[in-house]
Amino acid sequence: MPLATESLTPSKLRELEQVDARHVPRLALFLVLYLGAAALCVALAGRDTSAPGWMARALLYVIAAASLHGISLFTHEAVHGGLARRPWLNRLGGIACALPVLQNYAAYKVLHLKHHADLGGGKDPDHYANYTGRRWLELLMHMGRLLLGYPAYITMIPILGWRQGTAAERRWVAFEVVLAGACVAAAVAFIPWQVLLHAWVVPMLILNTLVNVRGMSQHTFLPESSHPVRGSRTILSNPVTRFFMCNENYHLEHHLYPRVPWYNLPELHRTLRADLVAQGAPFIPSYFSFVRGVLSGSLIQGTKPATPDA
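Those letters in the sequence shown? Residues 1172 to 1481, per my numbering, in order.
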């Protein structure tokens, strides 16, 4: 739902919504970073068991995971038509960016657009209160998501997308399930297990945490879950995190104007910031502060987060 504001003129919004190819260099860089870090992880595995060696490998695993995560975020851009102006290129790009992390683009598109259409409402598939009337069970679901959400995500999204999709969408969901299964089978058959372990399995375990924290931070534990401003959370974060997140941390701004591509979200944030703060936007400074707030109970209890300057 757009924000009623004089700070964002119609012409400015049209300018921010323009889709171009600025995502291509970022995608290429993520791919180079992933392949380089993964190759070094494989090369160093078992060769240096010293503490510095383990620390170097840990950093490489994190870079590989963050790069994979960055690639997968362009699936989200494709859902909103932000990868290319032609629909078939959006779908092709969305599928290509989803496959490395076993996501199903077609199913995700079905559910994500429903989420945008009914934020925090009875038809929002991301609103856990819709699945249970018990507060303790809802909290348990959130904690499970924080720890182990991604395996359940890649398993349940195709099922839920199939159930809620049209006949055409179901065909695409089934096609991508078969495609992902074929890719996994080929990887197991032709890639040595040591390479698969260090280049993909370990980074995917780290990616599990990245996806869970990112996804949970966007709307969870906000008292006004259906409010257009106070029902979505922006994480101000730092330049490195924003780089690997492709500005996905500006999630409130994205919900207000979902057609604005990722590279224009920082400018949209600067344009709207004063109005959003005036309306009680739940800005918090970092993902770490979000996790700390969850674990300490302050966010669960509804404590209003601070709104520091960007």
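Just so you know, even glycine gets a beta-carbon here, dropped at the ideal spot from N, CA and C. Here the structure is a predicted model, which means the values were calculated and not measured.
Residue nearest to Pro1437 within the set Gln1450, Gly1451, Phe1414 is Phe1414 (criterion: CA-CA distance). In the structure shown, Ile1471 falls within a coil segment according to DSSP collapsed to helix, strand and coil. Per the coordinates, the alpha-carbon of Tyr1428 lies some 27 Å from the alpha-carbon of Gly1320. If you ignore the 5 residues before and after Ala1269, its C-beta comes within less than 6 Å of the C-beta of Thr1246, Tyr1276, all in its own chain and listed in chain order. Positions of the beta strand (DSSP E) runs, each at least 3 residues long and wholly inside the stretch 1409-1479, cannot be given because no such run exists. Ranked by Cα distance from Ala1323, the first of Leu1290, Arg1430, Thr1380, Ser1396 is Thr1380. At a Cβ-Cβ threshold of 7 Å, Cys1354 and Leu1244 do not count as neighbours.
By the neighbour-count criterion, in which a residue is buried when 16 or more other Cβ atoms sit within 10 angstroms of its Cβ, Lys1183 is exposed.
Met1375 counts as buried, since no fewer than 16 other beta carbons sit within 10 angstroms of its beta carbon.
Contact between Ala1370 and Ala1209 holds: CB atoms are separated by about 4 Å, below the 8 Å threshold. With respect to Glu1188, Arg1430 sits close: the two C-beta atoms are nearer than 7 Å. Per the DSSP secondary-structure output, Ile1362 pairs with nothing in a beta bridge.
Annotation: the stretch 1194-1272 contains no complete segment of the beta strand (DSSP E) (minimum length 3 residues). Between Gly1402 and Leu1393, the C-beta gap is smaller than 7 Å, which places the two residues in contact. Less than 7 Å separates the beta-carbon of Ala1249 from that of Gly1265.
For Lys1183, the enclosing alpha helix (DSSP H) stretches over residues 1181-1187. For Asn1383, the enclosing alpha helix (DSSP H) has its first and last residue at 1373-1388. The bridge partners DSSP lists for Ile1325 come to none. Shown here for Val1366: same chain residues with a beta carbon closer than 6 Å to its own, the five before and five after excluded, namely Val1213 in chain order.
Between the C-alpha atoms of Thr1176 and Ser1221 there is a straight-line separation of about 57 Å.
DSSP lists Ile1455 as the bridge partner or partners of Ile1406. Our two residues, Asp1219 and Ala1229, have alpha carbons roughly 12 Å apart in a direct line.
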